[in-house]
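Working notes, structure below.
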Amino acid sequence: MKKIIIIGIVIIAISVIIFNFISHELNLIEAVKNENEKQVKKIINSGVDVNQNNNLPLLTAVNNGNKKITRLLIEAGANIKQTNNKEETALDLAREKENRNIIKLLKNR
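Quick note: the sequence shown, position 24, residue 23 per numbering that gives the first Met the number 0, numbers continuous.
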């Protein structure tokens with residue numbers, strides 16, 4: 000009986016950890032979409048994977064033209080070479096948007 004209770008507690012603890020991790024990843028994407036720099040910093044500092052979902056956070060920041068959030072994600076380890084489902088890199092998206100500041104930022108990495 001004791002083993003069953005311990006196993007139950009372990010399963011609950013693991014479930015909570017997984018839920019929090021997934022929740023932070025989804026929150027990062029939302030914070031980037033909403034261009035909420037303060038929230039992006041907070042989530043990055045929590046240790047979330049900035050390269051999640053084929054680097055969607057970085058590609059979204061570049062697509063939005065948000066240099067500050069793009070820089071935050073790069074400094075946190077975002078992979079600037081990762082491509083989206085159209086095989087476009089962050090640099091490709093910046094060029095499409097003709098965003099010289101982000102192009103320069105990405106080229107200097």
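Cβ atoms here follow ideal geometry from the backbone N, Cα and C, with glycine treated the same way.
When the Cα atoms are used, what is the spatial distance from residue i to residue j?
{"i": "K85", "j": "K103", "result": "22 Å"}
{"i": "G64", "j": "N53", "result": "19 Å"}
{"i": "G46", "j": "E97", "result": "32 Å"}
{"i": "H23", "j": "K40", "result": "Legend: pLDDT at H23 = 45, less than 50; position of this residue unreliable, no value from coordinates given."}
{"i": "R70", "j": "K1", "result": "51 Å"}
{"i": "Q38", "j": "I79", "result": "21 Å"}
{"i": "E36", "j": "E95", "result": "23 Å"}
{"i": "N107", "j": "I73", "result": "11 Å"}
{"i": "N26", "j": "I43", "result": "10 Å"}
Beta-carbon within less than 6 Å of residue i's beta-carbon, same chain only, minus the 5 sequence neighbours each way: which residues are those?
{"i": "T82", "result": "T88"}
{"i": "L90", "result": "L105"}
Determine the extent of the alpha helix (DSSP H) in which residue i is found, giving its start and end residues.
{"i": "E86", "result": "No alpha helix (DSSP H) holds E86; DSSP gives it neither H nor E."}
{"i": "E74", "result": "66–74"}
{"i": "I102", "result": "99–106"}
Tell me which same chain residues have a C-beta within less than 8 Å of the C-beta of residue i, skipping the five on either side of it?
{"i": "I28", "result": "Q51, N52, L55, P56, T59"}
Between residue i and residue j, which are expected to be in contact by the criterion C-beta below 8 Å, what is the C-beta distance as a whole number of angstroms?
{"i": "A30", "j": "V49", "result": "Not really, about 12 Å apart at Cβ, beyond 8 Å."}
Kindly list the residues whose CB is nearer than 7 Å to the CB of residue i, restricted to its own chain and excluding five residues on each side of it in sequence; keep chain order.
{"i": "N92", "result": "Per the sequence shown, the amino acid found at residue 92 is Leu instead of Asn. Excluding sequence neighbours, L92 sits near L58, V61, N62."}
{"i": "K66", "result": "N100, I101, L104"}
{"i": "K32", "result": "T59"}
{"i": "I68", "result": "V31, E34, E36, V39, A60"}
query = What are the start and end residues of each continuous beta strand (DSSP E) run of 3 or more residues lying completely inside the stretch 29–62, in chain order?
reply = none
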